[in-house]
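S.K.: Note that the protein sequences, when read in sequence, are chains R and H.
As numbered in the UniProt record's numbering, the first sequence has no gaps in its residue numbers, which increase by one up to the final residue, 328.
As numbered in the UniProt record's numbering, the second sequence has no gaps in its residue numbers, which increase by one up to the final residue, 328.
2 protein chains.
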Amino acid sequence: MDKKVTINDIATQAGVSKTTISRYLNGKFDNMSSNTKARIEETIDKLDYRPNRQAQALKTHHSFLIGVSVADISNMYTSRLLKGIGEYFQKTHYQVLIMDADNSVARELSNLEKMMTEQVDGIILQPLVHQPEHYQLLVAENTPVVQVDRYTEPFAWPAVVSDNFQKSVELAKIFKTKSYDAILVLANHINGVSSRMNRYNGLEAGLTGSGITVKLIEIDGSDWQSLLHAEIKQHQHPAIFALNGQVLWSAVRFAKERSLNIPEDVGLIGYDDDQFADMITPAISSVSQNPQEIGRVAAEQLLSSVNGQATPPKNTRIPSEIQMRDSL
Amino acid sequence: MDKKVTINDIATQAGVSKTTISRYLNGKFDNMSSNTKARIEETIDKLDYRPNRQAQALKTHHSFLIGVSVADISNMYTSRLLKGIGEYFQKTHYQVLIMDADNSVARELSNLEKMMTEQVDGIILQPLVHQPEHYQLLVAENTPVVQVDRYTEPFAWPAVVSDNFQKSVELAKIFKTKSYDAILVLANHINGVSSRMNRYNGLEAGLTGSGITVKLIEIDGSDWQSLLHAEIKQHQHPAIFALNGQVLWSAVRFAKERSLNIPEDVGLIGYDDDQFADMITPAISSVSQNPQEIGRVAAEQLLSSVNGQATPPKNTRIPSEIQMRDSL
DNA sequence: ATGAAAGCGCTAACAG
DNA sequence: CTGTTAGCGCTTTCAT
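1) Which residues in the same chain have their Cβ closer than 6 Å to the Cβ of Ala182(R), if we skip the five residues on either side of it in sequence?
2) Out of curiosity, what's the CA-to-CA distance linking Pro319(R) and Asn111(R)?
3) Is the Cβ-Cβ distance between Val193(R) and Ile124(R) less than 8 Å?
4) In angstroms with no decimal places, state the Cα-to-Cα distance between Asp326(H) and Glu293(R).
5) Roughly how many angstroms lie between the CA atoms of Met1(R) and Ser63(H), to the nearest whole one?
6) Give the straight-line distance between the Cα atoms of Met99(R) and Ser34(R), rounded to the nearest whole angstrom.
7) Check the Cβ of Trp249(R) against every Cβ in chain H and list those closer than 9 Å, keeping chain order.
8) I'd like the span of the alpha helix (DSSP H) that includes Asn111(H), first residue to last.
9) So Ala57(R) contacts chain H; which residues on that side make the cut at Cβ distance below 7 Å?
10) Looking at chain R, which residues of the region 110–125 of chain H have a Cβ within less than 7 Å of any of its Cβ atoms?
11) According to DSSP, is Glu218(R) helix, strand or coil?
12) What three-state label does DSSP hand Pro263(R) in the structure shown?
13) Excluding five sequence neighbours on each side, which residues of the same chain lie with their C-beta closer than 6 Å to the C-beta of residue 330(H)?
14) Return no unless some Cβ of chain H is closer than 8 Å to the Cβ of Leu184(R).
15) Check each candidate in Lys233(H), Ile174(H), Ala140(H) and name the one with the smallest Cα separation from Glu264(H).
16) In three-state terms, what does DSSP make of residue 330(H)?
17) Spell out whether any CB of chain H is found under 8 Å from the CB atom of Asp48(R).
18) Can you tell me whether Gly308(R) is helix, strand or coil according to DSSP?
19) Quick check: Arg150(R) and Pro127(R), are their CB atoms within less than 8 Å of each other?
20) Assign Ile232(R) to one of three DSSP states: helix, strand, or coil.
21) Do you know offhand how far Gln90(H)'s Cα is from Lys91(R)'s?
22) Have a look at Ser210(H), Asn244(H), Thr20(H), Pro154(H) and flag the residue whose alpha-carbon is nearest the alpha-carbon of Glu218(H).
23) Pull up the distance between the alpha-carbon of Ser210(R) and that of Lys176(R), whole angstroms please.
24) Please tell me whether Arg39(H) has its Cβ less than 8 Å away from any Cβ of chain R.
25) Whole angstroms are fine: how far does the CA of Ile280(R) sit from the CA of Val145(R)?
26) Going by the CB atoms, is the gap between Leu228(R) and Leu184(R) shorter than 8 Å?
27) Any idea what DSSP makes of Asp100(R), helix, strand or coil?
28) Mind listing the chain H neighbours of Lys91(R)? Cutoff is C-beta to C-beta under 7 Å, in chain order.
29) Quick check on DSSP: helix, strand or coil for Asn8(R)?
30) Give me the chain H residues within the contact set of Asn198(R), using Cβ-Cβ distance strictly less than 9 Å, ordered along the chain.
31) Are the beta-carbon atoms belonging to Tyr135(R) and Thr152(R) less than 8 Å from one another?
32) For Phe276(R), count the other beta carbons within 10 Å of its own beta carbon; 16 or more makes it buried, fewer makes it exposed. Which is it?
33) Does chain R have any CB closer than 8 Å to the CB of Thr12(H)?
34) Within 10 Å of its beta-carbon, does Glu321(R) have 16 or more other beta-carbons around it, so buried, or fewer, so exposed?
35) Going by other Cβ atoms of all chains shown within 10 Å of its Cβ, with 16 needed for buried, is Asp163(H) buried or exposed?
36) Check for me: the alpha helix (DSSP H) holding Ser195(H) runs from which residue to which?
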């Protein structure tokens, strides 16, 4: 078990003081003889020295750690979000501490506590809770935060999200064109989840005065299938709008089980196709977001906020795209 | 901008020395008056004090950081793997530093370097490279490592993987029963990826003497579609065996584009169905792994290794399951 | 039952 | 152009 090599070892070996080594490490070559510089470089190489991050952090109050809190790590949206975040920080000296709330409010809070203990320099948060007061822990410590996918209200921090409301307005037009008479919005509980609320509200807004019924069905409720089935039977030309990927697949499965024909018996469109939507018959129409870009932009904003540039708590909307296929 | 509260603040406020606070923090109550204890607890609560991890780490040489290096963060297998890992460490005091190699050997190495700089206490590695010498960086520093999904050879560290070889042997039996005459194994490059090699080798082993042709087609090669098509035409009763989820979906897409009927024109089975396999028509037969359990077990093994229990560099095999549906 | 003091590995005045 | 020194926030002997 070899001892770790420290800045002192390098200093001794290179025959200079550790100050000089520190200068070298931090790229302060202004007044360093090329001779010394070369000798240091060589010594570091030879001993395979890597400065200790904790010691640096302790001294500089800069951990170079970024916390990322996601609602549920095991879904496609999250994977791609993380891809974008990781890609961005890869180019920097920051490391990313990813924590999975597993859709538990308690666990999310505990994760955030842990992040604070780790002295993270900033946080990317996909909030589970709508009220900013819930996160006062972060406010108290004045930690830079950028929200992704969803945001608290009133606004506490900048957010990078999809253009949910606008896309639903567009969708409303399509529903009208195709003369649907009822839109059954299928979702997990939407209360307090800004993205879902915006998707729902945008639809209602786009449909006002059209005479088209909008009905929300939350699938965490018991027996949503029967409810949905009844609604479908009740209308001439109904369509399902599924507010996220998992719900979309639940809808497909539902239609299959009840032997409902898509789009004849019921139209279907939903969020987040993830490359599978065009594999099944009929090909499913969908709204495809760009989580990777959301991650990238959020990372970018967070970094500039960490570096002291004041970021106004504003929404950044990343465009999503409506993919019309055969199910609607 | 409020200053961080430190152990000194607590000491002063509570009217004791920081030694005592430290004792409190580390649960050393043996010789502490319940009076002092209560006072400390109260003060910590009031000031919302959290000990600084970097300072602790510097002193104890224990960062409580675990590095996780994955081949590609944006796929289902990985998501579920991370779920398992996170779930386990959630219950401990360790934090998880996830890094995405994005299938780049160079980036993987750079990530590992970064992990070492962060003084991680241990690493979970899904290795991109088969030769352990490639990872001598880790050997040099004597870092505890547990491999997942794949392993280097010769063995350097324990590995937690699926029962790839055995499952392929089972599959071979099924192929025989269904009297296929040719198995077209579809994969990304298999060389150096132990999981893929085991899946392939197991099949060959299970099929020796059966007269059934086995043909490997690597889809990173140019125009694998034509090659595959030719092979299919050439045999009476061929089947495709796709070695991972993404390849499986490529195969489905391929069949669709070439208007091949499954399973009449060609049988199909593949790894990692991820809940979609039974959504399409025909429902796709698949081998479903348990990445979450792999992650959990790897985390467990790593932790005991970090805690000094010598872990023999042995394989742990987590069973996967063959799901027979309509495509084979 | 508690404290004083040294030191983990590094950075940053300040000095020369 | 380089070194001396103090100190970041904590843990840990060694005292008492």
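Heads up, the beta-carbon is just placed ideally off N, CA and C, and yes, glycines get one too.
M.R.: This is what the structure gives:
1) Position 182 of the first sequence, counting from 1, holds the residue named residue 182(R). So the list reads Thr213, His235, Pro238, once near-sequence residues are dropped.
2) Taking the first residue of the first sequence as 1, we reach residue 319(R) at position 319. Taking the first residue of the first sequence as 1, we reach residue 111(R) at position 111. Using only the alpha carbons, I get a separation of about 30 Å.
3) Position 193 of the first sequence holds residue 193(R). Position 124 of the first sequence holds residue 124(R). Not closer than 8 Å, so no.
4) Your numbering for residue 326(H) matches position 326 in the second sequence. Your numbering for residue 293(R) matches position 293 in the first sequence. Roughly 38 Å separates the two Cα atoms.
5) For the purposes of this step, residue 1(R) is taken as the residue at position 1 of the first sequence. For the purposes of this step, residue 63(H) is taken as the residue at position 63 of the second sequence. Summary for Met1(R): the model assigns pLDDT 43, below 50, so the residue's position carries little reliability, and this model does not support an answer.
6) Translated into positions along the first sequence, residue 99(R) becomes position 99. Translated into positions along the first sequence, residue 34(R) becomes position 34. Each residue's Cα considered, the two are about 45 Å apart.
7) Your numbering for residue 249(R) matches position 249 in the first sequence. The contacting residues are Gln275, Phe276, Met279.
8) Sequence index remark: in the second sequence, residue 111(H) carries index 111 (1-based). In the DSSP assignment, Asn111(H) falls within the unbroken alpha helix (DSSP H) covering 105–117.
9) Position 57 of the first sequence, counted from the start, is the residue given in the question as residue 57(R). Within 7 Å Cβ-Cβ: Gln54.
10) Lys114, Met116, Thr117, Glu118, Gln119
11) Your numbering for residue 218(R) matches position 218 in the first sequence. In the structure shown, Glu218(R) sits in a strand (DSSP, three-state: E or B).
12) Position 263 of the first sequence, counted from the start, is the residue given in the question as residue 263(R). DSSP places Pro263(R) in coil when its eight states are reduced to three.
13) Residue 330(H) cannot be examined here, being either before or after the span of chain H that is shown, 1 to 328.
14) Reading the first sequence from its first residue, position 184 is the one you call residue 184(R). So no, Leu184(R) is outside the interface.
15) Translated into the one-based positions of the second sequence, residue 264(H) becomes position 264. Glu264(H) has its Cα closest to that of Lys233(H), out of Lys233(H), Ile174(H), Ala140(H).
16) Given a span of 1 to 328 for chain H in the structure shown, any question on residue 330(H) remains unanswerable.
17) Within the first sequence, numbered from 1, the residue matching residue 48(R) stands at position 48. Yes, Asp48(R) counts as interfacial toward chain H.
18) Indexing the first sequence from 1 puts residue 308(R) at position 308. Looking at Gly308(R) - three-state DSSP - the assignment turns out to be coil, as it is neither helix nor strand.
19) Within the first sequence, residue 150(R) is the residue found at index 150, counting from 1. Within the first sequence, residue 127(R) is the residue found at index 127, counting from 1. A contact, by the Cβ cut-off of 8 Å.
20) Sequence index remark: in the first sequence, residue 232(R) carries index 232 (1-based). Helix.
21) Taking the first residue of the second sequence as 1, we reach residue 90(H) at position 90. Taking the first residue of the first sequence as 1, we reach residue 91(R) at position 91. Roughly 28 Å between the two C-alpha positions.
22) By 1-based counting over the second sequence, the position of residue 218(H) is 218. It is Asn244(H) whose Cα lies nearest to the Cα of Glu218(H).
23) Walking along the first sequence from the start, residue 210(R) turns up at place 210. Walking along the first sequence from the start, residue 176(R) turns up at place 176. Looking at the two C-alpha atoms, the distance is approximately 8 Å.
24) For the purposes of this step, residue 39(H) is taken as residue 39 along the second sequence, with counting starting at 1. No, because no Cβ of chain R sits closer than 8 Å to the Cβ of Arg39(H).
25) Walking along the first sequence from the start, residue 145(R) turns up at place 145. Walking along the first sequence from the start, residue 280(R) turns up at place 280. Computed Cα separation, rounded: 40 Å.
26) As a working mapping, residue 184(R) is identified with position 184 in the first sequence. As a working mapping, residue 228(R) is identified with position 228 in the first sequence. Yes, the Cβ-Cβ distance between Leu184(R) and Leu228(R) is below 8 Å.
27) Stepping through the first sequence from its first residue, residue 100(R) is reached at position 100. In the structure shown, Asp100(R) sits in a strand (DSSP, three-state: E or B).
28) Here residue 91(R) refers to the residue found at position 91 of the first sequence. Against Lys91(R), chain H offers no close residue; the least beta-carbon distance is about 11 Å (beta-carbon pairs closer than 7 Å).
29) In the first sequence, residue 8(R) corresponds to position 8, counting from 1. Looking at Asn8(R) - three-state DSSP - the assignment turns out to be helix.
30) Translated into the one-based positions of the first sequence, residue 198(R) becomes position 198. Near Asn198(R) there are no residues of chain H at all, since even the closest Cβ is about 25 Å away, more than 9 Å.
31) If you number the first sequence from 1, residue 135(R) lands on position 135. If you number the first sequence from 1, residue 152(R) lands on position 152. Going by C-beta atoms, Tyr135(R) is nearer than 8 Å to Thr152(R).
32) In the first sequence, residue 276(R) corresponds to position 276, counting from 1. Buried.
33) The sequence position of residue 12(H) within the second sequence is 12, counting from 1. Taking Cβ atoms only, chain R never reaches closer than 8 Å to Thr12(H), which makes this a no.
34) In the first sequence, the residue the question calls residue 321(R) occupies position 321. Classification for Glu321(R): exposed.
35) As a first step, residue 163(H) is located in the second sequence; it is residue number 163 there, counting from the start. Asp163(H) is buried by the Cβ-count criterion.
36) If you number the second sequence from 1, residue 195(H) lands on position 195. Its alpha helix (DSSP H) spans residues 194–207.
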